[in-house]
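Each residue of the sequence shown is one higher than the one before, counting from 2 in the working numbering.
Beta carbons are placed, not taken as given, at the ideal position from N, Cα and C, and that holds for glycine.
Here the structure is a predicted model, which is why all the values come from computation and not from measurement.
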Amino acid sequence: MSYTTEEKDDNFGGQNQGPEEELVIEEDSDSPADMVKSLREKLKKCRTEKEEYLAGWQRAKADFVNARKEEEERRKDIIKFSEKNLLLEMIDLADSFDRLFANKEAFEKIDNNWRQGIEYLRAQLLNIMKGRGVEPIETAGKMFDPKESESIGNVDVDKREKEGMVMEEMRRGYRMHGAVIRPSLVKVGKFISK
């Protein structure tokens, strides 16, 4: 006697309810022990397939979740840096203000009301840039960092501790959301022994 399954397709009211398995008992020469062994093997095979399907489904779900997270990060980065070119132009405008303020003699000759207006405009520009995640890189008096600055020359210094220190900032650098978008141009101290 052996057990087999047949698919049964009952049609109720013209609606197909789908295949249904029905256990059919057949008479043959297999002993009950052989049948139990055969059923156990089939059960083991079904469990193995179930584990494989479950693992595959879990991997696919994890891949989907990871892809969604990566896409969200890419979208955030695009939004974060989409304004970069406009902000670089605003940085050029900030440089113009810096050059104006650096020429103190000429700036002092401007009418006081105009000076205050120009200072206000510069402060407003810097606040707009700060609101977009742009901030100046402070280099003066600090050790030279090639990740944030470009050295365009050396300045002779008479103290060994000033070796490698930024002595002059020729052009201010800026970061946007922590990433350097324009490095500073600096002159670095070089120790000269007497």
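In this structure, does DSSP put residue i in helix, strand or coil?
| i | result |
| --- | --- |
| residue 145 | coil |
| residue 194 | coil |
| residue 133 | coil |
| residue 39 | helix |
| residue 111 | coil |
| residue 104 | coil |
Whole angstroms is fine: what's the gap from residue i's alpha carbon to residue j's?
| i | j | result |
| --- | --- | --- |
| residue 118 | residue 85 | 27 Å |
| residue 33 | residue 48 | 22 Å |
| residue 19 | residue 35 | Bear in mind that the predicted position of residue 19 carries a pLDDT of just 49, short of 50, making it unreliable; the figure below should be weighed with that in mind. When rounded, the distance between both Cα atoms is 32 Å. |
| residue 90 | residue 74 | 26 Å |
| residue 179 | residue 141 | 19 Å |
Buried or exposed: where does residue i fall if 16 or more other Cβ atoms within 10 Å of its Cβ makes it buried?
| i | result |
| --- | --- |
| residue 7 | Caution applies to residue 7, whose pLDDT of 49 falls short of 50 and renders its modelled position unreliable; the value that the coordinates give is listed next. Exposed, since its Cβ has fewer than 16 Cβ neighbours within 10 Å. |
| residue 92 | buried |
| residue 144 | exposed |
| residue 76 | exposed |
For residue i versus residue j, is the C-beta spacing smaller than 9 Å?
| i | j | result |
| --- | --- | --- |
| residue 190 | residue 166 | yes |
| residue 95 | residue 176 | no |
| residue 136 | residue 156 | no |
| residue 88 | residue 123 | no |
| residue 192 | residue 159 | yes |
Return the Cβ separation of residue i and residue j in integer angstroms, given the expectation that the two are a contact with Cβ distance under 8 Å.
| i | j | result |
| --- | --- | --- |
| residue 187 | residue 152 | 6 Å |
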